[in-house]
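Counting with UniProt numbering, you get residues 1 to 368 for the letters of the sequence shown.
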Amino acid sequence: MKIALVHDFLVEYGGGEKVLEAFHEMWPKAPVFTAVYNKKLLKNWPDLKNWDVRVPGLTKIPLISKVYKYFTFLYPLAIENFDLREFDLIVSSSTFLAKGVLTRPGQIHLAYIHTPARFLYHLPTETSDKRSKWYWKILLGPIDFFLRIWDFNAAQRPDVLIANSETTAKRIRKFYNRVPVIINPPVDLTDRTYESHKSHETSYFLSVSRLCAYKNVDLIIKAFNKLKLPLTVVGSGREENALKSLAGETIKFTGFVTNEELKSQYQNCRAFISAVSDEDFGITPVEAMGYGKPVIAFRSGGVTETVVENKTGIFFNELAVDSLCEAVKKFENMEFDPKECRKQAEKFSKETFKEKMRKLVVDSIKKE
1 MKIALVHDFL VEYGGGEKVL EAFHEMWPKA PVFTAVYNKK LLKNWPDLKN
51 WDVRVPGLTK IPLISKVYKY FTFLYPLAIE NFDLREFDLI VSSSTFLAKG
101 VLTRPGQIHL AYIHTPARFL YHLPTETSDK RSKWYWKILL GPIDFFLRIW
151 DFNAAQRPDV LIANSETTAK RIRKFYNRVP VIINPPVDLT DRTYESHKSH
201 ETSYFLSVSR LCAYKNVDLI IKAFNKLKLP LTVVGSGREE NALKSLAGET
251 IKFTGFVTNE ELKSQYQNCR AFISAVSDED FGITPVEAMG YGKPVIAFRS
301 GGVTETVVEN KTGIFFNELA VDSLCEAVKK FENMEFDPKE CRKQAEKFSK
351 ETFKEKMRKL VVDSIKKE
């Protein structure tokens, strides 16, 4: 059986790319079709250089890969022009484009949906602040209208839609009028050293995130300024300088870190902090639990499906500094068992993900 993988864009390494990486581990000979591929931005993803990555001719131009977000309205044309006729099985990884590839009768297309396109359905994104300005609304309103039509039609093409969480499944049912299969994304739990790294009063709290507005890292920083407790912020992004200007003396920024450095951050932190609203799934809180660390999170989206309240973490109910501060104070008077955190994380292991995907492929072939 010949298999092809399709992914929206290869321009950053995040949760969606971890799913793609797991797909490629399952089918290492499969080529990866993508609308944009920027090797320079992904230089810290060493395995990628050995992949067979295929892109449209136009997007091979370096300038295009740098400003790709400004050409969103053209990418449906690119994705529909991929020639996939030689393949029997197509597995796509999509927040917008990849589910829209064209296939023939007899081919099987399984589309893993991280979320319906957030920017089309008024969910917070990295560009929400720009899109809220009146002149962008005038320019983008008609474009988004036609993209929503394309997006709905594209979502009817795959044989099976796979949601990464119940949160995403609800969006799929609402926006696409389809019933998806739910398979949670893979979390790497190969490191089993969590038991030897106990939380202690002198350790820090941890945030791991792209530094963009909708991740609400500014709220976390303001809360820890007020609490005067140590916080380490891992990640980089367009808001980095603004966030550094907010930070008090107890806040530390690491910028981008390697996988080994990230493991060390998880192992030595006291708890993980997340303030994202409407998170699709949220891999980083599960990674933290994999190291036996409890989570303090805003009660919203996918994290409510992964964190067990008062057992592997606690929630705060308002996106407000005082609400987070109260949650941290409550946390400091609680005890969490690292083994329980790890046990919960293991429900989302990479092995479980691969097993469920293989079963879905077999079942889909039987139905064909």
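Ideal Cβ placement from N, Cα and C applies to all residues, glycine included.
Own chain partners of residue i with C-beta closer than 6 Å, once the 5 adjacent residues on each side are dropped
i: lysine 215; result: Ser209 and Val276
i: proline 186; result: Ala22, Lys350 and Phe353
i: alanine 78; result: Ala35 and Pro56
i: valine 257; result: Val234
i: glutamate 305; result: Ser165 and Glu166
i: leucine 324; result: Ala223 and Phe316
i: arginine 54; result: Pro31 and Phe33
i: leucine 48; result: Leu42
i: methionine 334; result: none
i: tryptophan 51; result: Val32
i: serine 196; result: In this prediction, serine 196 scores a pLDDT of 45, lower than 50, which makes its location untrustworthy; no coordinate-derived value is stated.
i: leucine 20; result: His7 and Ser93
Same chain only: Cβ atoms within 7 Å of residue i, ignoring 5 sequence neighbours per side
i: lysine 359; result: none
i: alanine 297; result: Ser274, Pro285, Val303, Val307, Gly313 and Phe315
i: arginine 255; result: Strictly speaking, residue 255 in this sequence is glycine, with arginine absent from that position. Cβ neighbours of glycine 255 beyond the five flanking positions: Ser236.
i: tryptophan 45; result: Tyr13
i: glutamine 344; result: Met289, Val308 and Thr312
i: glutamate 340; result: Lys311 and Thr312
Residue nearest to residue i in terms of C-alpha spacing, selected from the options
i: aspartate 337; options: Gly292, Thr304, Glu351 and Ser300; result: Gly292
i: asparagine 259; options: Lys18, Met1 and Val11; result: Lys18
i: aspartate 322; options: Ile221, His114 and Ile182; result: Ile221
i: serine 364; options: Cys341, Arg299, Leu97 and Asp159; result: Asp159
i: tyrosine 266; options: Ser203, Arg238 and Val307; result: Ser203
i: leucine 120; options: Glu240, Gly106, Leu147 and Thr103; result: Leu147
i: asparagine 184; options: Leu5, Asp52 and Ser93; result: Ser93
i: aspartate 83; options: Glu249, Ala4 and Lys311; result: Ala4
i: residue 397; options: Lys244, Ala169 and Lys174; result: Outside the shown range of the chain, which is 1 to 368, sits residue 397, and nothing can be said about it.
i: methionine 289; options: Ala320, Asp188 and Asn333; result: Asp188
i: isoleucine 162; options: Gly248, Tyr112 and Asp218; result: Tyr112
i: glutamate 240; options: Gly248, Thr232, Phe253 and Glu249; result: Phe253
i: proline 76; options: Asn153, Leu140 and Ile172; result: Asn153
i: isoleucine 149; options: Thr232, Phe96 and Gly106; result: Phe96
i: arginine 342; options: Glu287, Leu74, Leu262 and Glu261; result: Glu287
i: proline 294; options: Glu332, Pro28, Glu326 and Leu262; result: Glu332
i: glycine 142; options: Phe73, Val361 and His24; result: What sits at residue 142 in the sequence shown is proline, not glycine. Answer by Cα proximity: Phe73.
Endpoints, alpha helix (DSSP H) assigned at residue i
i: tyrosine 266; result: 259-268
i: phenylalanine 175; result: 166-176
i: aspartate 218; result: 217-227
i: isoleucine 365; result: 350-367
i: serine 323; result: 321-332
i: serine 245; result: 240-246
i: leucine 24; result: Rather than leucine, the amino acid found at residue 24 in this sequence is histidine. Start and end: 15-26.
i: threonine 306; result: 303-306
i: alanine 345; result: 338-345
Whether residue i touches residue j by CB criterion (8 Å)
i: arginine 157; j: histidine 109; result: yes
i: phenylalanine 205; j: alanine 271; result: yes
i: methionine 1; j: leucine 89; result: yes
i: alanine 98; j: aspartate 8; result: yes
i: phenylalanine 281; j: glycine 15; result: yes
i: leucine 140; j: leucine 219; result: no
i: leucine 227; j: serine 207; result: no
First through last residue of the beta strand (DSSP E) which encompasses residue i
i: valine 32; result: 32-37
i: threonine 254; result: 251-255
i: tyrosine 112; result: 108-113
i: isoleucine 79; result: No beta strand (DSSP E) contains isoleucine 79, which is instead part of the alpha helix (DSSP H) from 75-80.
i: threonine 284; result: Looking at the DSSP string, threonine 284 is not in any beta strand (DSSP E); the run it does join, the alpha helix (DSSP H), is 283-290.
i: isoleucine 8; result: Here residue 8 is aspartate; the residue named in the question, isoleucine, does not match the sequence. 3-10 is the extent of the beta strand (DSSP E) around aspartate 8.
i: residue 369; result: Given that the chain is displayed from residue 1 to residue 368, the structure contains no residue 369 and the question cannot be resolved.
i: leucine 231; result: 231-234
i: serine 207; result: 205-208
i: glycine 313; result: 313-316
i: isoleucine 90; result: 89-94
i: alanine 275; result: Premise fails: alanine 275 is in no beta strand (DSSP E) and is neither H nor E.
Anticipated Cβ contact below 8 Å, residue i with residue j, distance rounded
i: serine 274; j: valine 303; result: 6 Å
i: proline 116; j: tyrosine 37; result: Contact flag wrong, Cβ pair sits at about 23 Å.
i: glycine 100; j: glutamate 80; result: 6 Å
i: leucine 229; j: valine 328; result: 7 Å
i: valine 11; j: leucine 41; result: 5 Å
i: arginine 238; j: cysteine 212; result: 6 Å
i: aspartate 278; j: leucine 102; result: Their Cβ separation, rounded to whole angstroms, is 31 Å, which puts aspartate 278 and leucine 102 out of contact at 8 Å.
Beta-carbon proximity list for residue i, same chain, < 8 Å, skipping 5 on both sides
i: residue 370; result: The structure shown does not extend to residue 370, since the chain spans only 1 to 368, so no value can be given for it.
i: aspartate 144; result: Phe119 and Leu120
i: asparagine 225; result: Leu246, Ala247, Gly248, Thr250 and Ile251
Near the ligand MG: residue i beta-carbon under 7 Å from a heavy atom
i: leucine 360; result: For the ligand MG, the structure offers nothing, since it holds no ligand at all.
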